[in-house]
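Notes for the one structure printed next.
Residue numbers (the working numbering): 931 to 1144.
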């Protein structure tokens, strides 16, 4: 009965998910430029039914969509605003660690931020490190990331931190459009008890719109 209730209330549960995709390389968006993005991600085995001994029996995947925009602040930093699953707002700041933003060299950046998610029931914080290749038609990137939510309302559930790593690549497919397929692997305990497994794999794809390359 518990798992049937979880399945029937799936739309509500999806809207309360944290934002898993990173969908950006280490290099900041160019100064003064705004880059809109849309990320679609999947959680295989995101909801599991258990047998009488508590062993996973059947599973079901689910998906969600995040809307995101990044603004170039300086040669070494940009600012992002993300709306995860239409249920909150997250602000992130990315800072290039190298002294000079050289597109012909690999880049390493730190990224961190926070916001309100789950329809205002939780405060969200995140931090990570991203490394990516030189600028070209295909830019690979990898990184590590940690996320955590804190209850704001009295009825909100408590959760444990989510930590893991990710890797992907930004592929330019036109003069003003790019794709970023990505795979994240996270340790994420289910606060609502929807699954037994704590290691989850998150495949995603982010769509980018940008200025035409000169």
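Idealized CB from N, CA, C, for every residue including glycine.
Predicted model, so just to flag it, every value in this text is computed and none were measured.
Can you name the start and end residues of the beta strand (DSSP E) that residue i belongs to?
{"i": "residue 955", "result": "Taken as a continuous stretch (DSSP letters only), residue 955 belongs to no beta strand (DSSP E), as it is neither H nor E."}
{"i": "residue 1136", "result": "1129-1139"}
{"i": "residue 1036", "result": "Residue 1036 -> no beta strand (DSSP E), and no H or E assigned at all."}
{"i": "residue 1091", "result": "Where residue 1091 is concerned, there is no enclosing beta strand (DSSP E), given that its DSSP letter is neither H nor E."}
{"i": "residue 1079", "result": "1068-1081"}
{"i": "residue 1024", "result": "1019-1026"}
{"i": "residue 1014", "result": "1007-1014"}
{"i": "residue 1029", "result": "Counting along the chain, residue 1029 falls outside any beta strand (DSSP E), and DSSP gives it neither H nor E."}
Do you know offhand how far residue i's Cα is from residue j's?
{"i": "residue 1086", "j": "residue 1032", "result": "45 Å"}
{"i": "residue 1057", "j": "residue 1098", "result": "18 Å"}
{"i": "residue 1107", "j": "residue 1000", "result": "15 Å"}
{"i": "residue 961", "j": "residue 1124", "result": "43 Å"}
{"i": "residue 1019", "j": "residue 1134", "result": "20 Å"}
{"i": "residue 1049", "j": "residue 1034", "result": "42 Å"}
{"i": "residue 963", "j": "residue 1003", "result": "8 Å"}
{"i": "residue 1027", "j": "residue 1038", "result": "6 Å"}
{"i": "residue 1082", "j": "residue 996", "result": "22 Å"}
{"i": "residue 1111", "j": "residue 1137", "result": "9 Å"}
{"i": "residue 1140", "j": "residue 1024", "result": "18 Å"}
Going by C-alpha to C-alpha distance, which of the options sits closest to residue i?
{"i": "residue 1041", "options": "1014, 1006, 1065", "result": "1006"}
{"i": "residue 1061", "options": "1044, 948, 958, 950", "result": "958"}
{"i": "residue 971", "options": "1004, 949, 1066, 1052", "result": "949"}
{"i": "residue 1129", "options": "955, 973, 951, 1013", "result": "973"}
{"i": "residue 956", "options": "976, 1118, 1090, 1059", "result": "1059"}
Less than 8 Å between the CB atoms is what I'm expecting for residue i and residue j, so what's the real figure, rounded?
{"i": "residue 1069", "j": "residue 1095", "result": "Going by Cβ atoms, the distance from residue 1069 to residue 1095 rounds to 18 Å, so no, they are not a contact pair."}
Note to self: Assess contact between the segment 1098-1109 and the segment 1075-1082, defined as three or more Cβ pairs (one per stretch) separated by less than 8 Å. Is contact present?
What the structure shows: No, they do not touch.
Notebook entry, point to check: Should the segment 1042-1049 be called in touch with the segment 1010-1024, which here means at least 3 C-beta pairs below 8 Å?
Noted result: Because the criterion of three Cβ pairs below 8 Å is met, the segment 1042-1049 and the segment 1010-1024 touch.
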